[in-house]
Every structure is written in C-alpha cells, then in structure tokens.
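Working notes, structure below.
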Amino acid sequence: MGKGTKVMMVVDGNGVPIGLYLDSAQHHEIRLAEATLKTVRVPQRRGRPRTRPKELVADKAYDSRSFRIWLRRRGIKPTIATIHRKSRKPRRGRPIRVGEGYRRRWIIERCFGWMTNYRRLVVRYDRYLHIYRAFCLIAFIIWCVNRILK
Numbered sequence: 040m041g042k043g044t045k046v047m048m049v050v051d052g053n054g055v056p057i058g059l060y061l062d063s064a065q066h067h068e069i070r071l072a073e074a075t076l077k078t079v080r081v082p083q084r085r086g087r088p089r090t091r092p093k094e095l096v097a098d099k100a101y102d103s104r105s106f107r108i109w110l111r112r113r114g115i116k117p118t119i120a121t122i123h124r125k126s127r128k129p130r131r132g133r134p135i136r137v138g139e140g141y142r143r144r145w146i147i148e149r150c151f152g153w154m155t156n157y158r159r160l161v162v163r164y165d166r167y168l169h170i171y172r173a174f175c176l177i178a179f180i181i182w183c184v185n186r187i188l189k
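Pasting the structure below:
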C-alpha cells in the first residue's frame, strides 16, 4: 500500500452517488472498476435492491476487452470511449463511435468537482482508510439532503 487514495464512484443519471470504493492510489482504475460496481445497491419499493446499472459510461481509462466482456455478461451496456491506436485498426467488438450516453459523462466529473468543496476530502489527513471513507459518506449524505431541500 503506497501513499494516496483513489476514490472510485458510481453515480446515477442525476449525479447522485450510488456506489463508492476507496483503495490505494497504486492500482489502475480498470482493476478497481469491478469492485466499485459491486458496491452499487439501489433499494426498490419491493424486492431486493438493484445492483446493476443499465448502462455504464466511462472514459478511455476503462477501454479493455475483458472489462467490456465482464459488463456484457452482467447485462450492463458499456459506453466506453476507445483509445485511438495509430498503427492498428479497431479491434473486433469495440465500437467505432461511442453511444449517445457518452455525452452525459460530465455528470460524474461534476460530482468529483463537487467533492472539492470539502477540504477534508481533497487532502486526506486521516491515517486510516475507513475514517476517510466515513467522511466521504457523510459528505454524500449532506449533498443528497441539500438536493432534496432545494
């Protein structure tokens, strides 16, 4: 475990966080993506909570064949931009164009920008990861309450 923390979030279409995963900053995002998606639990009126989004919109860092296959097996539509490789043609199974959902990727970027309003989340002063995670959850609760009261 090195220095730094990687904050991975899943948000719904309105920008409300529905999944959070924290880990050491040494790992690449693609290795943490599956664990982040497993934290999603949206309660329903009846029955068990939903754990799979209909569509996942992600940037070029998540462009991996194995990750796309994992998403499709779970029934999640991947909307991931491809890394432009100069010497190669697009691989089979990778879309040439990104879908319409990619235009709404700014929502997750806005959520990360909102987190910078809380100084305690920008710089991790806490020694233990579970304490930092608790402050992230408190900030999400405050943000959701403020959205409800508007």
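Here our numbering = 1-based position in the sequence shown + 39.
Where is the CB? At the ideal position from N, CA and C, for every residue including glycine.
Predicted model only: the values in this text are computed from it and were never measured.
- Query: Cα separation between glutamate 94 and isoleucine 122?
  - Reply: 20 Å
- Thinking C-alpha only, which one of Val46, His169, Ile57 is nearest leucine 71? Val46
- Query: Quick one: what's arginine 89 bridged to in DSSP?
  - Reply: Val81
- Excluding the 5 residues preceding and the 5 following aspartate 62 in the sequence, name in chain order all residues of the same chain whose CB lies nearer than 6 Å to its CB. Lys45, Leu71
- Item | Straight-line Cα distance separating isoleucine 147 from valine 79 | A straight line joining the alpha-carbon of valine 79 with that of isoleucine 147 spans about 15 Å.
- Starting from the C-beta of threonine 75, find all residues in its chain whose C-beta is less than 7 Å away, skip the five residues before and the five after it, and write them out in chain order. Met47, Val49, Gly58, Tyr60
- Message: Between which residues of its own chain and arginine 159 is the CB-CB distance below 6 Å, once the five residues before and five after are set aside?
- Response: Phe174
- Message: Is the separation between the beta-carbon of cysteine 183 and that of glycine 54 shorter than 7 Å?
- Response: Here cysteine 183 is not near glycine 54, since their CB atoms are 7 Å or more apart.
- Item | C-beta atoms of proline 92 and isoleucine 115 nearer than 7 Å | yes
- Using three-state DSSP, classify alanine 72 as helix, strand or coil. helix
- In three-state terms, what does DSSP make of lysine 45? strand
- Message: Please state the DSSP three-state secondary structure of lysine 189.
- Response: Here lysine 189 sits in coil by DSSP.
- Task: Give the secondary structure of alanine 173 by DSSP, where H, G and I count as helix, E and B as strand, and everything else as coil.
- Result: helix
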